[in-house]
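In the numbering used here, the protein residues as written are 1 to 256.
This is the structure we're talking about:
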């Protein structure tokens, strides 16, 4: 699910091992206290509303019409792949507030094709609360659209990272194969790590992170995102946030 996504949506080699701390989290019991995460958010002036919704709510069920259906299991990472600058270079300010695509409320908040968007400044906006599946006709992936439909699309929580594209001069006309290098800013990866923690806390166990392209592999005209995603850097941010949350818990216990 986390094999490198190459140009054209091809997947790189199987990973021999996930970078820490992912290697010790996925499939394991969650040890992050909801209250501790809430304090971390308050200390960093981050609203629960901007990271998928209230920590007190469960995540979506596989089938919203079945109260006994399992809760979401997958945390799917996408990139928006827009705008396509074709044969022009990327603007120099794509990582600045002046770039229009970083305006979350104006450009992304009302696009309910994913749960949460993260701009290149590391800010996020919730388009669909993690407690609900994506509204019809959206499914998030072609695999869910073609195979799960409404019986199971709630198994997936979706996060879109803002990333522009441009054309590969060796490719077909108007293609969008080329992404910036690095693909995402540290601020984006840090917020993505926080979203992963928050969604997992609401699930009650660590979700399975997955790249969009990995889920849709083998499907005709499958997507190629996220491009140029640095898994090790994301894992590093995840570890730092978990350490900060755990340090806060230890400090509070010592004060008592």
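Positions of the beta carbon are idealized from the N, C-alpha and C atoms, including for glycine.
Residue from the options with nearest C-alpha to residue i
{"i": "residue 245", "options": "24, 31, 123, 6", "result": "31"}
{"i": "residue 111", "options": "99, 45, 129", "result": "129"}
{"i": "residue 83", "options": "202, 134, 22, 107", "result": "107"}
{"i": "residue 184", "options": "93, 66, 227", "result": "227"}
{"i": "residue 74", "options": "208, 14, 230", "result": "208"}
{"i": "residue 17", "options": "9, 236, 2", "result": "2"}
{"i": "residue 160", "options": "144, 109, 204, 171", "result": "109"}
{"i": "residue 241", "options": "11, 116, 89, 44", "result": "44"}
{"i": "residue 70", "options": "243, 198, 151", "result": "151"}
Residue i, buried or exposed, once every other Cβ within 10 Å from all chains shown has been counted against 16
{"i": "residue 56", "result": "exposed"}
{"i": "residue 224", "result": "buried"}
{"i": "residue 135", "result": "exposed"}
{"i": "residue 59", "result": "buried"}
{"i": "residue 104", "result": "buried"}
{"i": "residue 181", "result": "exposed"}
{"i": "residue 172", "result": "exposed"}
{"i": "residue 96", "result": "exposed"}
{"i": "residue 204", "result": "exposed"}
{"i": "residue 265", "result": "Because the chain in this structure spans residues 1 to 256, residue 265 falls outside the shown range and cannot be described."}
{"i": "residue 47", "result": "exposed"}
Element boundaries [alpha helix (DSSP H), containing residue i]
{"i": "residue 35", "result": "34-43"}
{"i": "residue 258", "result": "Residue 258 lies beyond the residue range present for the chain, which begins at 1 and ends at 256; the question has no answer from this structure."}
{"i": "residue 105", "result": "104-107"}
Straight-line Cα distance separating residue j from residue i
{"i": "residue 123", "j": "residue 232", "result": "21 Å"}
{"i": "residue 195", "j": "residue 163", "result": "18 Å"}
{"i": "residue 76", "j": "residue 35", "result": "25 Å"}
{"i": "residue 116", "j": "residue 158", "result": "7 Å"}
Delimiting residues of the beta strand (DSSP E) encompassing residue i
{"i": "residue 78", "result": "74-79"}
4 or more residues per run - each alpha helix (DSSP H) lying fully within the segment 162-228: 186-203, 212-216
Start-end ranges of the beta strand (DSSP E) lying completely within the segment 84-144, minimum 3 residues: As for any beta strand (DSSP E) of minimum length 3 sitting wholly inside the segment 84-144, the runs are 116-118, 124-126, ordered along the chain.
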